[in-house]
Each structure stands twice: as structure tokens, then as C-alpha cells.
Amino acid sequence: MNRLAWVVAACGIIIGGCGSDSFNDVPPTNADGSTDQGAAADTGKDSASDAGNDVANDTGTDAAADTAKEAMTCPTGLADCDGDPKNGCEADTTKSIAHCGQCDNACEAGSHGTVACDKGACKYACELGWEDCDLSADHSCEVDTMTDTANCTTCGNVCPGGDHSTVGCVGGECSFACETGWGNCDGDQTNGCEVDTTTTLSACGTCGHACSTAANATPYCQSSTCGWTCNSGWGNCDNDPANGCELDTTTSVGNCGGCGLACGTANGTPSCVASQCQIQCTGAFDNCDGLNPNGCESDLLTDALNCGWCGHDCKGSTCTGGMCTPVKVADYAYVVTALVEYDTKLYFTADTVSIGLVLSVPKMSGTPQELVQTGNSAAIAVDASGIYWVGSSGFVNTAPLAGGTPTTLVTGAANGKNLLIDGANLFWSAGANSTVYRVAKTGGTAAPVGTPADASLGGLVVDDTYAYWAMIPQNSLQRVAKTGGTPTLFVSGQENPRALVMDGTNLYWTNYLQDVIVTMPKSGGAVTTAAASIGHVGALVSDGGDLYWTTSTGNVAKASKSGGKVRQVATGQNTPRFLVSDATYLYWVNNVGPGNVTFWRLAK
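Numbering (the numbering used here), first residue to last: 8 to 611.
Okay, here's the thing in C-alpha cells:
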């Protein structure tokens, strides 16, 4: 190394500069003033002769390095980290955050962290309320232990919770709350809020609040509120929860079927059976409207809407003694021999002194209108095609509904009776043997259907297959195919069977001498009583589910076909005959004699 360069370098290190004896070797000293051992090796005998050798042997680089090294050797715990010899070993590597343990080994804090250098080692810490839970290399304090439910207060401290619960970490303390309507009734937060407190009887509204019950009641929890409902057939009619459902509403007349539902008492004796009000009406009263509170509101003796029985409407007539008052339709001068109804009119035949007549009269009321003059007539039938009648002189005639010149369909069949229409044909009985005939309504040759075993017939009816007739003296009924054939005995052992009628299933007739109406299936079977003790029957009508008839004592009566009570619907009539019906009314003739014949109408 060039001696001059070394001296210059040394002058930059040794405080105080250099003296004028610049060419003498001056051993460098350490910081504590001791002589550098490197200097001891140098004899100090540099002379002019070896000066050149030193300069020649030492490179400039080695000299500078050796000089810095020897000058910057620092005590343990100190270091020259800025490379500036002026400030010596300026860095305390035991404490310096920038040079902890060695130069440039900086201790760096992560987010929400603090750092220190302790005895040459980096020491890391987190701000209050933060933790380094993932122990990452960046030493970040990434977890807010004041709010993190998975690391509340300390790392890994998970706040427990479950279904229907809300958990939180507030100020480093775990919080736990149930959703509205749920409760943590077992105290175990890990399964959440396991009880529905809106419906649970043992925890209604809140844990431990059990719903109490009451007599004859069933408790419930609804919308977090306890209550109870009365069991079927019981009621809390005094509104006192202390005694529960105290009243049996299945039998209480004042609370039948429910509190406050009192059975009506008007005109009867009430009872409550199986929560239903019943009433035993007194006298002629009945509960016709079916309503309970007003009891037996209808007087069947006078109520024109419920005359005699509930629902029997007199149709504008009055109700007296439980019977609708018959309404006179017309007066007539001559004895009526047959009567039928069709559409809006009654059609009938009558005999004057010299001729027979076919007439009509409006059903509501009016004057009889003469339609046809003819011979004596014994039976009449009407449909949309016209009027048909038979007479004792041996003819079957027809005429338009409005009347006019008659057309003779059949002649020679004397003593014609029991005329009826069956589709396109007419059936009737005639002759000395009361032979049953059939002829087309348009005319033609009359065909015998069958000859009864007895000529005195008590009625003729025809269905889809057979013709049936009653034989008065024979006390029996026969039938024959309506296309013709030999009649067979259908039933025997009757008593003067008369007034034979039918419906779709059964035959009905009166056993005149026994004062009964009986019935029998058309398919065969036993004869049973439909109505008894009714007097001698004159005319009989099958009308829906009922039978109507007239009696020789001047009464008109009815009974259900299924049996039951016989009801008098009109009394005090004078020789009522020829009973017919439509959908609303009954019609008959009081056939006293010439000059005293009247037509009557009665609501069914």
C-alpha cells in the first residue's frame, strides 16, 4: 500500500489528524487506546530502503479493507451498521428494531401488531383486542378477538350456537340469543334454541312456562300465549276460568250445542239430545220452519202455509181446523159421468135428459164449455192429440181439444168403460164379458187383449208389458200381456177390490168391504196395507209418494204410500166422485144430482 495513501486513510479515522512526521510508522490504536496487534508486527523500522517495498507489496484495496476492519471492530451488542466510521458502532443490536441481532435485520410488525428487539431477538405483540391466530410469517394480528365469534377473547375460542340462535362476540365476551319464538330450554348452547316457545305447552312464551289445563278442557299454546279449549260437548258458559268447562252442552236446554244456544220453548217442551235441540210440540203446534229459537211456531189448525202439516200451503185458500178450504171451480146442471185433467182444464162427460155431452172448464174457475154432443158416455181420456171417450151405446169417439165434430174410432163395443191412453193406443173394457180391447188412437180394428174371468171390473191399468184389472165378485186381480193372450190370476183373497191404480213399481187398490187400501209389487209378492180404517173408498189417485181418495162419508183423505198417518184434507163434501190431480191441486165433483153438481179444487 502506498504509504501516503495509508496515512491519509488513517488521518480520516484517528481523531486529531496527523503530525508533520508523516513518514514514521505510527501503530494504529484501538478504540480503547491499546496498540493494534497488527501494528506490533510492523517494526517501525521503515526506512527509505523498504519504503518502496511496502508500497509495492500492499495494494490500495487491501489497505482500505484492513483499515476499516480494524477500525470498526465493535463490542458485543454493538455494530457499525451505517458504515460510517465517524459515529463508530452506532447500532445497539440488542435493542434496535432496524438491526436486531445484526445489521439490517429489521423487526417488522404486521397489521394491528407491535414489535420490539429484546437481547438481539425480534419480539412481536398484538394490539389490545387483536391476535395472530394463523401464526403467519408476516406476524399480522389478523383477528379481532373483541368481535370474532370463532376467536372470541383468545384464538380458537368459538362462541357456541345452533339452530334458531344468534351468536356474537362483544367486547371479547361471547353472546347468545334465541330467535323470536324459540328458547334454549335445555341450557345447551351447542344445539341452539331447540324449543318452539310459540306452540310448546311446557315452554309457552318462555322456557319453563307450562300451560295449565282446566276441567273438561284441552290446553294449547298459540302465538306464545297459553289457553285452553273446551272438549267436545262441554262449555265454559259462566266465563270463569277457575272451573274450566263446567257445562255439558250435549244435554243443557239453555246451552244446547254451545254456550247461549237455548232451545226454544214456545208451544212445546224442549230437550237437548246429543247437542241438538228437540221440542215436543203441544196441541196442534209444530216447528215447521225447523228453527230452534221460536219453538213450535206454526198452528197447524189455522196456518195457511202449514195447514194440517208442515209445508201444506193452501195456495191462497184459508186454513180452518187444519184443513185448507176447498175452492169452488164451477157449478153445473147435469150429472157428471167421467172426469180427467189435462193442461189448464178439466174435461168431463155429462148426461142430460136426452143427450150426452163432452165439456171442459178452466181449472182455476169458470163456466163449463160444451165441446161435443154425443151419446151417453161412461169414460173419458185426454192427451195432446185430443179427447177420447166411450159410451154405453158401443162406440169409441175422438175430437180435438177445442171440440167440434167427433170422429168414431170403434163401434159395436157396448157398455164401454175404463178408458185409458197408453202411448199410441187406447185400452178399455166393453161388452157383456167386459173384454179388454186395444185400438190405435188414429183408429182401426179393435183387438181383444183378454177377457176377464168376471165381467164386473173394479179398474183397469196398463204398464209397459201388462194390462191389469180387478174383479169385484171374484175378489182377485188378473193380468195379461197387453199385446193379447190368456189372462192369468195375479192375486186372490181380496175383498171387493176396486179403484185400481198404479205407479212405476206397485199396484194399489181398495178392499172395499174392509175399508183398507192395499198395495202389491207389479213383479209379484205380498199384499200389504197402505192405509186402514178409512171408510168405503170411492175414487183413488196415485200421486208421487202419496195416495189420495174420496169416501162415501164425504171426505177427501191422503196417506203416504210408505204407510203412516191418514190425513183428512177435506170433509163435509156431498157425494165426492172422480178424484184427479195435477202437480198442485186435487179436483173432484160433488155429484149430488141434476141442478146440484159442483167442481172443487184443493191445494195438495
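Quick reminder that beta carbons are idealized off the backbone N, C-alpha and C, glycines included.
Rounded separation between V62 and C81 - CA only | Locating residue 62 in the sequence shown gives position 55, counting from the first residue. Locating residue 81 in the sequence shown gives position 74, counting from the first residue. Low per-residue confidence applies at V62: pLDDT is 36, beneath 50, and the placement is therefore not dependable, though the value from the model is reported in the following sentence. Cα to Cα, V62 sits roughly 29 Å from C81.
G190 by DSSP, collapsed to three states: which one?
-> Here residue 190 is taken as the residue at index 183 of the sequence shown, counted from 1. Note: G190 maps to strand in three-state DSSP.
Figure out for me which residue from T418, V523, T220 has the closest Cα to the Cα of W556.
-> Locating residue 556 in the sequence shown gives position 549, where the first residue counts as 1. Ranking the options by Cα distance to W556, first place goes to V523.
Distance between W235 and P300 (C-alpha atoms, nearest Å) | Walking along the sequence shown from the start, residue 300 turns up at place 293. Walking along the sequence shown from the start, residue 235 turns up at place 228. Rounded to whole angstroms, P300 to W235 spans 29 Å at the Cα level.
Starting from V508, follow its DSSP beta bridges and name the residues at the other end.
-> Residue numbering aside, residue 508 sits at position 501 when the sequence shown is read from its first letter. Y515, per the DSSP bridge assignment.
Please classify K93: is it buried, with 16 or more other beta-carbons within 10 angstroms of its beta-carbon, or exposed?
-> The residue you call residue 93 lines up with position 86 of the sequence shown. By the neighbour-count rule (16 or more Cβ atoms within 10 Å), K93 is not buried but exposed.
Can you check whether the CB of G419 is closer than 8 Å to the CB of G398?
-> As a working note, residue 398 is residue 391 in the sequence shown. As a working note, residue 419 is residue 412 in the sequence shown. Contact flag unset, no.
When DSSP labels each residue in this structure, what does G120 get in the three-state scheme?
-> Residue 120 sits at position 113 when you count from the first residue of the sequence shown. DSSP places G120 in strand when its eight states are reduced to three.
Contact set for A386: own chain, Cβ-Cβ below 7 Å, skip 5 residues either direction | Position 379 of the sequence shown, counted from the first residue, corresponds to residue 386. For A386, where only same-chain residues beyond five positions count, the Cβ hits under 7 Å are A345, W396, V397, G423, K424, N425, L426, W435.
If you compare alpha carbons, which of E180, S143, S559, Q485 is closest to T154?
-> For this step, residue 154 is matched to residue 147 along the sequence shown. Closest by alpha carbon: E180.
Cβ neighbours of S324 in the same chain (closer than 6 Å, five flanking residues each side left out) = For the purposes of this step, residue 324 is taken as the residue at position 317 of the sequence shown. Counting only Cβ-Cβ distances below 6 Å, and skipping sequence neighbours, we find C331, T332, V334.
Verify whether the separation of the beta carbon atoms of A439 and A462 is less than 8 Å.
-> In the sequence shown, counting from the first residue as 1, residue 439 sits at position 432. In the sequence shown, counting from the first residue as 1, residue 462 sits at position 455. In this structure, A462 lies closer than 8 Å to A439 by Cβ.
Please confirm whether G251 and A273 have their CB atoms less than 8 Å apart.
-> For the purposes of this step, residue 251 is identified with residue 244 of the sequence shown, where counting begins at 1. For the purposes of this step, residue 273 is identified with residue 266 of the sequence shown, where counting begins at 1. Not in contact: G251 and A273 (Cβ atoms no closer than 8 Å).
Would you say T359 faces chain B, with C-beta separation under 8 Å as the test?
-> Among the chains in the structure shown there is no chain B, since it carries only a single protein chain.
Is Q521 helix, strand or coil when you go by DSSP?
-> In the sequence shown, residue 521 corresponds to position 514, counting from 1. Here Q521 sits in helix by DSSP.
The beta strand (DSSP E) spanning K102 covers which residue range?
-> Mapped onto the sequence shown, residue 102 falls at position 95. From DSSP, K102 is part of no beta strand (DSSP E); its letter is neither H nor E.
According to the neighbour-count rule (16 or more other Cβ atoms, all chains shown, within 10 Å of its Cβ), is K370 buried or exposed?
-> For the purposes of this step, residue 370 is identified with residue 363 of the sequence shown, where counting begins at 1. Answer is buried; the Cβ neighbour count reaches 16.
Cα-Cα separation, Y341 to L416 = For the purposes of this step, residue 341 is taken as residue 334 along the sequence shown, with counting starting at 1. For the purposes of this step, residue 416 is taken as residue 409 along the sequence shown, with counting starting at 1. Taking the straight line from one Cα to the other gives about 26 Å.
Inter-residue spacing [alpha-carbon to alpha-carbon] between T517 and L254 = On the sequence shown, position 510 is the one that residue 517 refers to. On the sequence shown, position 247 is the one that residue 254 refers to. Rounded to whole angstroms, T517 to L254 spans 56 Å at the Cα level.
Three-state secondary structure (DSSP) at Q109?
-> One-based indexing of the sequence shown puts residue 109 at position 102. Q109 falls in the coil class under three-state DSSP.
Beta-carbon separation (whole angstroms), L507 vs L467, contact threshold 8 Å = Counted from its first residue, the sequence shown places residue 507 at position 500. Counted from its first residue, the sequence shown places residue 467 at position 460. About 7 Å separates the two Cβ atoms, so the contact holds.
Determine the closest residue to A538 out of L547, W316, G532, S530, with distance taken between C-alpha atoms.
-> To locate residue 538, count along the sequence shown from 1; it is residue 531. Out of L547, W316, G532, S530, L547 has the C-alpha closest to the C-alpha of A538.
What residue from S305, T327, G328 has the CA that sits closest to G318's CA?
-> As a position in the sequence shown, residue 318 is number 311, starting the count at 1. Among S305, T327, G328, the Cα nearest to that of G318 belongs to S305.
Just confirm the distance between the C-beta atoms of T414 and A421, as a whole number of angstroms; I'd bet it's less than 8 Å.
-> Here residue 414 corresponds to residue number 407 of the sequence shown, with the count starting at 1. Here residue 421 corresponds to residue number 414 of the sequence shown, with the count starting at 1. Actually they are not in contact, since the Cβ atoms of T414 and A421 sit about 19 Å apart, beyond 8 Å.
In chain order, what residues of the same chain lie with their CB nearer than 7 Å to the CB of A210, ignoring the 5 residues before and after it?
-> Residue numbering aside, residue 210 sits at position 203 when the sequence shown is read from its first letter. Cβ neighbours of A210 beyond the five flanking positions: G190, C192, V202, T204, H216.
Express the C-alpha separation of C321 and G297 in angstroms, rounding to a whole number.
-> As a working note, residue 297 is residue 290 in the sequence shown. As a working note, residue 321 is residue 314 in the sequence shown. Approximately 20 Å, taken between the alpha carbons.
Spatial neighbours of S172 in its chain, beta-carbon cut-off 6 Å, leaving aside the 5 residues before and after | Within the sequence shown, numbered from 1, the residue matching residue 172 stands at position 165. Taken in chain order, the residues that qualify are C185, G199, C200.
I think G136 touches T152, with their Cβ atoms under 8 Å apart; what is that distance to the nearest whole Å?
-> Within the sequence shown, the letter at position 129 stands for residue 136. Within the sequence shown, the letter at position 145 stands for residue 152. Indeed they touch by this definition, with Cβ atoms about 6 Å apart.
Per-residue DSSP class, three states only, for K565 | Here residue 565 refers to the residue found at position 558 when the sequence shown is read from its first residue. Strand, per DSSP.
Taking all protein chains shown into account, decide if V456 is buried (16 or more other Cβ within 10 angstroms of its Cβ) or exposed.
-> Indexing the sequence shown from 1 puts residue 456 at position 449. Flag for V456 reads buried.
Would I394 be called buried (16 or more neighbouring beta carbons within 10 Å of its own) or exposed?
-> Residue numbering aside, residue 394 sits at position 387 when the sequence shown is read from its first letter. Label assigned to I394: buried.
Beta-bridge partners of T381, as assigned by DSSP | As a position in the sequence shown, residue 381 is number 374, starting the count at 1. Looking at the DSSP assignment, T381 forms a beta bridge with G363.
In three-state DSSP terms, what is S463?
-> Here the question's residue 463 lines up with position 456 in the sequence shown. Note: S463 maps to coil in three-state DSSP.
Close-in-space but distant-in-sequence residues of the same chain around S499 (CB under 7 Å, 5 per side omitted) | What you label residue 499 is simply residue 492 of the sequence shown in a count that begins at 1. The answer, listed in chain order, is N482, S483.
Go to N598, then tell me how far its beta strand (DSSP E) extends in each direction, as first and last residue.
-> Here residue 598 corresponds to residue number 591 of the sequence shown, with the count starting at 1. Where N598 is concerned, the enclosing beta strand (DSSP E) stretches over 592-600.
Nearest-angstrom Cα distance between G188 and N243?
-> As a working note, residue 188 is residue 181 in the sequence shown. As a working note, residue 243 is residue 236 in the sequence shown. Taking the straight line joining both Cα atoms gives about 29 Å.
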